[in-house]
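First the structure, in the form of structure tokens, and then the observations on it.
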Amino acid sequence: MRIAILSANPNLYSTQRLVEAANQRGHEGVVVNHLNCQVMIEGGKPSILYEGQELESFDAIVPRIGASVTDYGCAIVRQFEMMKVFTTAKSQAITRSRNKLRSLQVLSKAGVGLPKTVFANHPKNGNVTQLIELVGGPPVVIKLLEGTQGIGVVLAETAKAAKSTIEAFYGLKKHVLVQEFVAEAKGSDLRALVIGGRVVGAMRRQGVEGEFRSNIHRGGNAVSIQLTPEEEQTAIEAARALGLKVAGVDMLPSDRGPLVLEVNSSPGLEGIEAATKLDIAGEIIAYIEDKIRADEGDMVGV
Numbered sequence: 001m002r003i004a005i006l007s008a009n010p011n012l013y014s015t016q017r018l019v020e021a022a023n024q025r026g027h028e029g030v031v032v033n034h035l036n037c038q039v040m041i042e043g044g045k046p047s048i049l050y051e052g053q054e055l056e057s058f059d060a061i062v063p064r065i066g067a068s069v070t071d072y073g074c075a076i077v078r079q080f081e082m083m084k085v086f087t088t089a090k091s092q093a094i095t096r097s098r099n100k101l102r103s104l105q106v107l108s109k110a111g112v113g114l115p116k117t118v119f120a121n122h123p124k125n126g127n128v129t130q131l132i133e134l135v136g137g138p139p140v141v142i143k144l145l146e147g148t149q150g151i152g153v154v155l156a157e158t159a160k161a162a163k164s165t166i167e168a169f170y171g172l173k174k175h176v177l178v179q180e181f182v183a184e185a186k187g188s189d190l191r192a193l194v195i196g197g198r199v200v201g202a203m204r205r206q207g208v209e210g211e212f213r214s215n216i217h218r219g220g221n222a223v224s225i226q227l228t229p230e231e232e233q234t235a236i237e238a239a240r241a242l243g244l245k246v247a248g249v250d251m252l253p254s255d256r257g258p259l260v261l262e263v264n265s266s267p268g269l270e271g272i273e274a275a276t277k278l279d280i281a282g283e284i285i286a287y288i289e290d291k292i293r294a295d296e297g298d299m300v301g302v
């Protein structure tokens, strides 16, 4: 098979590992910078131009779309879908997961455990206090809707600090979520890698001393873990609810069970492969093989 890794940076660990895993399994892994793709729209013949040439003969794509270019990247993924190329992440699912508010609404409807969260449109001073009280009072976590890798996430330890932070974000015309602080997590969270409806690896991430965010990009460390049955089922249900076949599900351990923080449609592979010593990239390629083989079997039976 020819498998395109849609990535704006061919030097990223995850991109290189996916190409390597494809090649090791006898396929041709090719990096395609989605930002250099052009969509050609005409009746009955969708196509994509890349560096002046029409892209053809790809059996599958693995989208690695950066948060800052979600709209354009999803337009390219959608075009591949119209061309009937298999994708490990549908454009609609990527868009749904990238919007923090929308994804939490979908997960809430699905009955997945979540931290208590409130969202309001530029509340006045009195309403800011009410928002803080609705999630249990300080400390509270304040998140930008478009933040990623821990950027745009603030822990406000007092009501005064929370009000100042919320008002500052609103002053910049930014929408925020106000979320309860889960103290019993003690600065750690769980990342589960879900592929094709099953957890293939998991790790516990711990923030550095004095840092409540556990993102590895922010200096946190990670160790391999075995999830409890409840944690594993929560991760699988969260990925399924958002329509993601390959996903990194971030959860907080809490006294009332696992609480989903975020579901990532382009999960990084470096941290979890280092922690678990597992070939997660190979699992993604194996999933593609299984799906295409099943589709070909269905066509034979037609």
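Going by UniProt numbering, the first residue of the sequence shown is number 1, and it counts up by one from there.
Don't be surprised by glycine CBs; every beta carbon is placed ideally from N, CA and C.
>> Using 8 Å as the cut-off, can you tell me whether the stretch 98-118 makes contact with the stretch 267-275, which would need three or more C-beta pairs spanning the two stretches below that distance?
In response: With the rule of 3 Cβ pairs closer than 8 Å, the stretch 98-118 does not count as touching the stretch 267-275.
> When burial is assigned at 16 or more other CB atoms within 10 Å of the CB, is ASP295 buried or exposed?
Replying inline: Here residue 295 corresponds to residue number 295 of the sequence shown, with the count starting at 1. Residue environment: ASP295 is assigned as exposed (fewer than 16 neighbouring CB atoms within 10 Å of its CB, all protein chains considered).
> What is the rounded straight-line gap between the Cα of ILE285 and the Cα of LEU131?
Replying inline: Residue numbering aside, residue 285 sits at position 285 when the sequence shown is read from its first letter. Residue numbering aside, residue 131 sits at position 131 when the sequence shown is read from its first letter. ILE285 and LEU131: Cα-Cα distance of roughly 44 Å.
>> For GLU283, which residues in the same chain have their Cβ closer than 6 Å to its Cβ, ignoring the five residues on either side in sequence?
In response: Counted from its first residue, the sequence shown places residue 283 at position 283. Excluding the 5 residues flanking it on each side, GLU283 has same chain C-beta neighbours closer than 6 Å at ILE195, VAL200, in chain order.
> Across which residues does DSSP place ILE28 in a beta bridge pair?
Replying inline: If you number the sequence shown from 1, residue 28 lands on position 28. Strictly speaking, residue 28 in this sequence is Glu, with Ile absent from that position. Paired residues: ARG2.
>> Which residue wins for smallest C-alpha separation from residue 373, given the options SER265, ASN127, LYS245, GLU262?
In response: Given that the chain is displayed from residue 1 to residue 302, the structure contains no residue 373 and the question cannot be resolved.
>> Per DSSP, what are the beta-bridge partners of TYR50 in this structure?
In response: Sequence index remark: in the sequence shown, residue 50 carries index 50 (1-based). In the DSSP assignment, the residues bridged to TYR50 are CYS37, GLN53.
> Span of the beta strand (DSSP E) holding SER188?
Replying inline: Counted from its first residue, the sequence shown places residue 188 at position 188. Residues 188-195.
> Run through DSSP, which three-state label would ILE216 get?
Replying inline: Stepping through the sequence shown from its first residue, residue 216 is reached at position 216. For ILE216, the predicted structure reports a pLDDT of 48, less than 50, and the residue's modelled location is therefore unreliable. A value from the coordinates is still provided. Three-state result, ILE216: helix.
> Given 8 Å as the limit, is there contact between the stretch 111-118 and the stretch 151-158, that is, 3 or more CB pairs closer than that?
Replying inline: No contact exists between the stretch 111-118 and the stretch 151-158.
> What is the rounded straight-line gap between the Cα of VAL141 and the Cα of PRO229?
Replying inline: By one-based count along the sequence shown, residue 141 stands at place 141. By one-based count along the sequence shown, residue 229 stands at place 229. Rounded to whole angstroms, the gap between the alpha carbons of VAL141 and PRO229 is 28 Å.
> Span of the alpha helix (DSSP H) holding GLY73?
Replying inline: Here the question's residue 73 lines up with position 73 in the sequence shown. Per DSSP, the unbroken alpha helix (DSSP H) holding GLY73 starts and ends at 70-82.
>> Give me the residue from ALA241, VAL263, VAL62, ARG293 with the minimum Cα distance to GLY111.
In response: In the sequence shown, residue 111 corresponds to position 111, counting from 1. It is ALA241.
>> Is it buried or exposed, LYS160, if we count other Cβ atoms within 10 angstroms and call 16 or more buried?
In response: Taking the sequence shown and counting its residues from 1, the one referred to as residue 160 is at position 160. It counts as exposed.
> Taking the continuous beta strand (DSSP E) assigned at SER91, which residues delimit it?
Replying inline: Taking the first residue of the sequence shown as position 1, residue 91 is located at position 91. Per DSSP, SER91 belongs to no beta strand (DSSP E); it is in the alpha helix (DSSP H), 91-98.
> Who pairs with THR117 in a beta bridge, going by DSSP?
Replying inline: Walking along the sequence shown from the start, residue 117 turns up at place 117. DSSP output for THR117 lists GLN179 as bridge partner(s).
>> Are the CB atoms of LEU227 and ALA192 within a distance shorter than 8 Å?
In response: Within the sequence shown, the letter at position 192 stands for residue 192. Within the sequence shown, the letter at position 227 stands for residue 227. In contact: ALA192 and LEU227 (Cβ atoms closer than 8 Å).
>> Could you compute how far the alpha carbon of ILE48 sits from the alpha carbon of ARG256?
In response: Here residue 48 corresponds to residue number 48 of the sequence shown, with the count starting at 1. Here residue 256 corresponds to residue number 256 of the sequence shown, with the count starting at 1. Those two C-alpha atoms are separated by around 48 Å.
> According to the Cβ coordinates, are PHE169 and LEU144 closer than 8 Å?
Replying inline: As a first step, residue 169 is located in the sequence shown; it is residue number 169 there, counting from the start. As a first step, residue 144 is located in the sequence shown; it is residue number 144 there, counting from the start. Yes; because the gap between Cβ atoms is below 8 Å, this pair is in contact.
> In angstroms, rounded to a whole number, what distance separates the CA positions of LYS90 and ILE166?
Replying inline: Numbered from 1 along the sequence shown, position 90 holds the residue referred to as residue 90. Numbered from 1 along the sequence shown, position 166 holds the residue referred to as residue 166. Distance between the alpha carbons of LYS90 and ILE166 is about 34 Å.
>> Using only CA atoms, which one of PHE86, ARG96, ALA222 lies nearest to LYS291?
In response: Residue mapping note: residue 291 aligns to position 291 of the sequence shown, counting from 1. Checking every option, the nearest Cα to that of LYS291 belongs to PHE86.
>> By the DSSP assignment, the alpha helix (DSSP H) with GLU262 in it spans what residues?
In response: Within the sequence shown, the letter at position 262 stands for residue 262. Boundaries around GLU262 are those of the beta strand (DSSP E), 259-264, since no alpha helix (DSSP H) includes it.
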